[in-house]
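To start, the structure itself, in structure tokens.
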Amino acid sequence: MKGLRTIRIVLSVMFFAAAIAYLAFGVATFHVGRIVERSQVVPSAIAATMGATLFWIIVSFLLGRVYCSTVCPVGTFQDIVIRLRRRLPKSSKPFSYKPARQTRYHVLAVYIVCFVAGVLAVPFWLEPWNIMKNICAAINPSLLEATWMTLGIGMGAGIASGIISAVLIAICALFTGRGFCTDICPIGTALGCFHDFTLMHIEIDPDKCVNCMKCEEICKSQCVKVVGRYVDNSRCVRCFDCVAVCPNDAIRFQANRNRRGTPLIRKVGRSKI
């Protein structure tokens, strides 16, 4: 079970390195990188086949938001920043559970409306693959020169927007972990909508949990709540850090849902004497 984290890290590093090489240096230099683009949700949805989009919808029904922890380059970029965060004394404070915010659904609604209406600027700055293209265009401006012209901005403004995107996402990762993925990213929110129907879930076994808090403190999505043995699987990006850090194998990736260790306490009125 703990080997899932290792597999996830290997896949994410491979896809991230290929994405950077492809976006920064172009398809002429790195032909294999085109596979990374075709494996993304939105580029596949725009293409005639929609193969990768359908694939990730099926995977999300089976396993949850695996896309966010393996193939998404912005997700891996945040993970790199988070690892650096843990080495900085002033920013190495453990994570803690945060309630879900409804703003993610508002962002998703705006994204869908703009995408359908052809307002390209909003999807361009919100969708992960486009964000990474914008960031890498600071190295290779010719990559998005035509797109910037279509959006009515010059090359200088486009390069500046890529740098600003990288800085803002890095700051977000330093202070909120995967906050961009859980509160803003429309693709992650859409994939998270399947959480009630997915085959596999991250679950805490109430009989094994000893309240060590390690899983909650390492959860970069801030969706694990040890008190109550609760995991918000709609925000969980399936990084499996919590599974790997648990000393008692109390938090697992499993098909069945755990029941509470003790029944809910009911308020009983006093009987009249």
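Numbering that gives the first Met the number 0 applies: residue 0 is where the sequence shown begins, and numbers increase by one.
All C-beta atoms, glycine included, are put in the ideal place defined by N, C-alpha and C.
All of these numbers come straight from a predicted model, not from anything done at the bench.
Range covered by the beta strand (DSSP E) that runs through Arg100:
The residue labelled residue 100 in the question sits at position 101 within the sequence shown. Run containing Arg100: none; DSSP gives neither H nor E here.
Option in Thr188, Ile134, Leu61 with minimal Cα separation from Ala20:
Locating residue 20 in the sequence shown gives position 21, where the first residue counts as 1. For Ala20, the nearest C-alpha among the options comes from Ile134.
Could you tell me if Gly268 is buried or exposed, where buried requires 16 or more neighbouring beta carbons within 10 angstroms of its beta carbon?
Against the sequence shown, residue 268 aligns to sequence position 269. Because Gly268 sits at a pLDDT of 41, beneath the cut-off of 50, its placement in the model cannot be relied upon, and the following sentence gives the value as read from the coordinates. By the neighbour-count rule (16 or more Cβ atoms within 10 Å), Gly268 is not buried but exposed.
Gln77, enclosing alpha helix (DSSP H) - first and last residue:
Here residue 77 corresponds to residue number 78 of the sequence shown, with the count starting at 1. In this chain, the alpha helix (DSSP H) harbouring Gln77 covers 72 to 84.
Simplified DSSP state of His194, which is helix, strand or coil
Stepping through the sequence shown from its first residue, residue 194 is reached at position 195. The answer is coil: DSSP assigns His194 none of H, G, I, E or B.
Please go through the same chain and pick out, in chain order, the residues whose beta-carbon is closer than 7 Å to the beta-carbon of Cys235, but skip the five residues on each side of it.
By 1-based counting over the sequence shown, the position of residue 235 is 236. The beta carbon of Cys235 is closer than 7 Å to those of Gly63, Arg64, Ile201, Ser220, Cys222 in its chain, skipping five residues each way along the sequence.
Could you spell out where the alpha helix (DSSP H) holding Phe54 opens and where it closes?
Against the sequence shown, residue 54 aligns to sequence position 55. First-last of the alpha helix (DSSP H) with Phe54: 50 to 62.
To the nearest angstrom, how far is the alpha carbon of Ala274 from that of Leu143?
Here the chain has residues from 0 to 272 only, and residue 274 is not among them.
In the DSSP assignment, find the unbroken beta strand (DSSP E) run with Arg251 in it and report its ends.
As a working mapping, residue 251 is identified with position 252 in the sequence shown. Where Arg251 is concerned, the enclosing beta strand (DSSP E) starts and stops at 250 to 253.
Flag this pair as yes or no: are the beta carbons of Ile250 and Ile217 separated by less than 7 Å?
Along the sequence shown, one-based indexing puts residue 250 at 251. Along the sequence shown, one-based indexing puts residue 217 at 218. Against a cut-off of 7 Å, the Cβ pair of Ile217 and Ile250 comes out as no contact.
Anticipated Cβ contact below 8 Å, Thr52 with Ser11, distance rounded:
Reading the sequence shown from its first residue, position 53 is the one you call residue 52. Reading the sequence shown from its first residue, position 12 is the one you call residue 11. Not a contact, Cβ separation roughly 20 Å.
Per DSSP, the bridge partner or partners of Lys219
The sequence position of residue 219 within the sequence shown is 220, counting from 1. According to DSSP, Lys219 bridges with nothing at all.
According to DSSP, simplified to helix, strand and coil, what is Lys132?
Counted from its first residue, the sequence shown places residue 132 at position 133. Looking at Lys132 - three-state DSSP - the assignment turns out to be helix.
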